[in-house]
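For reference, the structure discussed in these notes is given below.
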Ligand code: URA
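Residue numbers (this note's numbering): 1489 to 1924.
In structure tokens, the structure reads:
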């Protein structure tokens, strides 16, 4: 049998490891036999040499088995979750869970926090007074069973190897590797006890994957490996050049997500959420076709059932359920400053990356995992791509803790709006659907 160092050397030299080799490496790491610097060397070797699908499946399974797989056998039906690779203004999960659960598909969701220019679902949910995302696994399973959906953060039991390996990747320049990303995402998602998964792989300047080719490569690898791991998986490639919807910032985004449950949200955000919900209902066996799924989704919203599920989920997770009918109970920033168009013309683009960074600098995001976020601050877009504006017309509202916070960012935020002499070409939000 090869030593652990020989396994690292084999990967360094571009040889394919067996599933048993990969399992040994991950076990040795979580058991303390393989040091951080050795795992870092392995990760760099995998980054540079790549990994076959068989190796990626083995890595996913080894990381998954480093912790608990939630037992949701007591929950009836096909359990379906969604994962987004992250964007600016992406609050789809918060409306998807109650909508899909109201259509009869249980949704156990383990989400993340914001980092860098992108926001995180957990930070947005915690803007709801009292809402807890740190529930233990038995309570999580119980809420999925009783309410139909529950949204928590990664617990110590869920894929602990991923948590430690991701921390190493973050500081060893090994994050941007398709097989490592695939194993990281899927190990956490498969640990939720799901049967099926819908992936929203964002593409564009506000996304992790900037080019369509890279996004397609990641999405196809996620679908392929997830399918080999025995799950039903589809992916949508969706555009993330401009922020999604009109709000960026925790409480502001939660308010917009709740608005969607009452049928009053911006078109692009509704389109993205519905496209993902359609996929979830199809994988969950509730709808045989897109139009049938859309009908169920529209009924869940118009009947008020989606909003009721949200109220029940918020209450079950310790939050104030009155927020669902009265979003003014969400935290509000003391200062609201209006930004105005510097010239007349068409809004040809809104740079999502820049807007995300500015929202972060206002306090809505973090640059280090241990920083706190300010739930109240953020940006509300008052003009969207394709709108025609006059010089001096309002284009955004900045919600800030202090007006001085806005003064330093105003120019940068206005510059994120590209205003030109002609209407931009309309481009579809959902670019491609990828299935096994
Ligand atoms: N998100 C994850 O969960 N893991 C990665 O490796 C990259 C993005």
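Glycine residues also receive a C-beta, built at the ideal position from the N, C-alpha and C atoms. No experiment lies behind these values; they were computed from the predicted model shown.
Worksheet item: Would you say residue 1600 touches ligand 1, meaning its beta carbon is less than 8 Å from a heavy atom?
Response: Numbered from 1 along the chain shown, position 112 holds the residue referred to as residue 1600. Residue 1600: yes, Cβ under 8 Å from ligand 1.
Item to complete: Output the residue ranges of the beta strand (DSSP E) runs that lie fully inside the segment 1658-1715 and measure 3 residues or longer, sorted by chain position.
Response: Runs found: 1684-1691.
Item to complete: Report whether the distance from the Cβ of residue 1573 to the nearest heavy atom of ligand 1 is below 8 Å.
Response: Here residue 1573 corresponds to residue number 85 of the chain shown, with the count starting at 1. Within the chosen limit of 8 Å, ligand 1 reaches the beta carbon of residue 1573 through at least one heavy atom.
Practice prompt. Let me know if residue 1931 comes out buried or exposed under the rule of 16 or more other beta-carbons within 10 Å of its beta-carbon.
Written response: A question about residue 1931 goes unanswered here, because the residues of the chain that appear run from 1489 up to 1924.
Item to complete: Could you tell me if the beta carbon of residue 1696 falls within a distance shorter than 8 Å of some heavy atom in ligand 1?
Response: Position 208 of the chain shown, counted from the start, is the residue given in the question as residue 1696. Yes, ligand 1 has a heavy atom inside 8 Å of this Cβ.
Discussion item. Suppose you measure from the CA of residue 1731 to the CA of residue 1780; what does that come to, to the nearest Å?
Written reply: Along the chain shown, one-based indexing puts residue 1731 at 243. Along the chain shown, one-based indexing puts residue 1780 at 292. Going by C-alpha positions, residue 1731 is about 29 Å away from residue 1780.
Fill in: Collapsed DSSP secondary structure at residue 1778 in the structure displayed
What you label residue 1778 is simply residue 290 of the chain shown in a count that begins at 1. In the structure shown, residue 1778 falls within a helical segment according to DSSP collapsed to helix, strand and coil.
Item to complete: Answer with buried or exposed for residue 1578, where buried requires no fewer than 16 other C-beta atoms within 10 angstroms of its C-beta.
Response: Taking the first residue of the chain shown as 1, we reach residue 1578 at position 90. A residue is called buried when at least 16 other Cβ atoms come within 10 angstroms of its Cβ; residue 1578 meets this threshold and is buried.
Discussion item. Within 9 Å of any Cβ in chain B, is that where the Cβ of residue 1781 sits?
Written reply: In the structure shown, chain B does not exist; there is a single protein chain.
Worksheet entry | DSSP bridge partner residues for residue 1529 (one or two, in chain order) | Here residue 1529 refers to the residue found at position 41 of the chain shown. DSSP links residue 1529 through a beta bridge to no other residue.
Practice prompt. Pick helix, strand or coil for residue 1829, following the three-state DSSP scheme.
Written response: Translated into the one-based positions of the chain shown, residue 1829 becomes position 341. Residue 1829 falls in the coil class under three-state DSSP.
Worksheet entry | Three or more C-beta pairs below 8 Å linking the segment 1527-1537 and the segment 1490-1509 | Segment contact: the segment 1527-1537 against the segment 1490-1509, three or more CB-CB distances shorter than 8 Å; contact assigned.
Practice prompt. Could you work out which residue in 1767, 1662 and 1690 is closest to residue 1684 when comparing CA atoms only?
Written response: Within the chain shown, numbered from 1, the residue matching residue 1684 stands at position 196. Out of 1767, 1662 and 1690, the CA that lies nearest to the CA of residue 1684 is found in 1767.
Worksheet entry | Whole-angstrom distance between residue 1678 and residue 1508, CA atom to CA atom | Counting from one through the chain shown, the residue named residue 1508 turns up at place 20. Counting from one through the chain shown, the residue named residue 1678 turns up at place 190. About 20 Å.
Fill in: 9 Å Cβ cutoff met for residue 1721 and residue 1706
Here the question's residue 1721 lines up with position 233 in the chain shown. Here the question's residue 1706 lines up with position 218 in the chain shown. Against a cut-off of 9 Å, the Cβ pair of residue 1706 and residue 1721 comes out as no contact.
Practice prompt. Mark residue 1885 as exposed unless 16 or more other C-beta atoms lie within 10 angstroms of its C-beta, in which case mark it buried.
Written response: Start at 1 with the first residue of the chain shown, and residue 1885 comes out as number 397. Classification for residue 1885: buried.
Discussion item. Here's the rule I'm using: 16 or more other beta-carbon atoms within 10 Å means buried, otherwise exposed. How should residue 1727 be labelled?
Written reply: Looking up residue 1727 in the chain shown gives position 239. By the Cβ neighbour-count rule, residue 1727 is buried, with 16 or more other Cβ atoms within 10 Å of its own.
Worksheet item: Can you tell which of 1492, 1645, 1715 and 1752 has the C-alpha that lies nearest to the C-alpha of residue 1542?
Response: Taking the chain shown and counting its residues from 1, the one referred to as residue 1542 is at position 54. It is 1715 whose Cα lies nearest to the Cα of residue 1542.
Item to complete: Using beta-carbon positions only, say whether residue 1866 and residue 1736 come within less than 9 Å of one another.
Response: Position 378 of the chain shown, counted from the start, is the residue given in the question as residue 1866. Position 248 of the chain shown, counted from the start, is the residue given in the question as residue 1736. The Cβ atoms of residue 1866 and residue 1736 lie closer than 9 Å to each other.
Worksheet entry | Bridge-paired residues (DSSP) for residue 1893 | By one-based count along the chain shown, residue 1893 stands at place 405. None, per the DSSP bridge assignment.
Fill in: Contact set, ligand 1 heavy atom to C-beta under 5 Å
Every residue whose beta carbon comes nearer than 5 Å to a heavy atom of ligand 1 appears here in chain order: 1669, 1672 and 1673.
Fill in: Residues bridged to residue 1722 (per DSSP)
Taking the first residue of the chain shown as 1, we reach residue 1722 at position 234. Beta-bridge pairing links residue 1722 to 1686 and 1923.
Worksheet item: residue 1641 and residue 1741 look like a contact to me (Cβ under 8 Å); what is the Cβ gap, rounded to whole Å?
Response: For the purposes of this step, residue 1641 is taken as residue 153 along the chain shown, with counting starting at 1. For the purposes of this step, residue 1741 is taken as residue 253 along the chain shown, with counting starting at 1. That belief does not hold up - the Cβ atoms of residue 1641 and residue 1741 are roughly 17 Å apart, past 8 Å.
Worksheet item: Can you name the start and end residues of the alpha helix (DSSP H) that residue 1619 belongs to?
Response: Here residue 1619 refers to the residue found at position 131 of the chain shown. Element bounds for residue 1619: n/a, residue is neither H nor E.
Worksheet entry | residue 1581 - containing beta strand (DSSP E), residue span | Here the question's residue 1581 lines up with position 93 in the chain shown. Boundaries for residue 1581: no beta strand (DSSP E) harbours it, while the alpha helix (DSSP H) harbouring it runs 1580-1590, taken from the DSSP string.
Worksheet item: Excluding five sequence neighbours on each side, which residues of the same chain lie with their C-beta closer than 6 Å to the C-beta of residue 1662?
Response: For the purposes of this step, residue 1662 is taken as residue 174 along the chain shown, with counting starting at 1. Correct list, in chain order: 1531, 1532 and 1535.
Worksheet item: Leaving out the 5 sequence neighbours to the left and right, which residues in its chain are closer than 8 Å to residue 1825 when beta-carbon positions are compared?
Response: Taking the first residue of the chain shown as 1, we reach residue 1825 at position 337. By the criterion of a C-beta distance shorter than 8 Å, residue 1825 is surrounded in its chain by 1885, 1886, 1888, 1891, 1894 and 1898, once the five residues flanking it on both sides are discounted.
Item to complete: Let me know the beta strand (DSSP E) ranges lying completely inside the segment 1495-1556, each 3 residues or longer, listed in chain order.
Response: Qualifying beta strand (DSSP E) stretches: none in this window.
Practice prompt. Report buried or exposed for residue 1494, applying the criterion of at least 16 other Cβ atoms within 10 angstroms of its Cβ.
Written response: Working through the chain shown from its first residue, we reach residue 1494 at position 6. So residue 1494 ends up on the exposed side.
Worksheet item: Do you know whose CA, among 1838, 1629 and 1688, lies nearest residue 1759's CA?
Response: Start at 1 with the first residue of the chain shown, and residue 1759 comes out as number 271. Comparing Cα positions, the closest option is 1688.
Worksheet item: Using the rule of at least 16 other Cβ atoms within 10 Å of the residue's Cβ for burial, across every protein chain shown, is residue 1811 buried or exposed?
Response: Residue numbering aside, residue 1811 sits at position 323 when the chain shown is read from its first letter. Residue 1811 should be labelled buried.
Item to complete: Could you check if residue 1868 is buried or exposed, using at least 16 other CB atoms within 10 Å of its CB as the buried criterion?
Response: What you label residue 1868 is simply residue 380 of the chain shown in a count that begins at 1. Classification for residue 1868: buried.
Discussion item. Taking the beta carbon of residue 1863 as the centre, do at least 16 other beta carbons fall within 10 Å, making it buried, or is it exposed?
Written reply: Here residue 1863 is taken as the residue at index 375 of the chain shown, counted from 1. Counting Cβ neighbours within 10 Å, residue 1863 comes out buried, since at least 16 surround it.
Worksheet item: Does the beta-carbon distance from residue 1785 to residue 1587 come in below 9 Å?
Response: For the purposes of this step, residue 1785 is taken as residue 297 along the chain shown, with counting starting at 1. For the purposes of this step, residue 1587 is taken as residue 99 along the chain shown, with counting starting at 1. Against a cut-off of 9 Å, the Cβ pair of residue 1587 and residue 1785 comes out as a contact.
Worksheet item: According to the Cβ coordinates, are residue 1832 and residue 1907 closer than 9 Å?
Response: On the chain shown, position 344 is the one that residue 1832 refers to. On the chain shown, position 419 is the one that residue 1907 refers to. Against a cut-off of 9 Å, the Cβ pair of residue 1907 and residue 1832 comes out as a contact.
Item to complete: Along the alpha helix (DSSP H) that carries residue 1841, what are the first and last residues, could you check?
Response: For this step, residue 1841 is matched to residue 353 along the chain shown. Counting along the chain, the alpha helix (DSSP H) containing residue 1841 begins and ends at 1840-1847.
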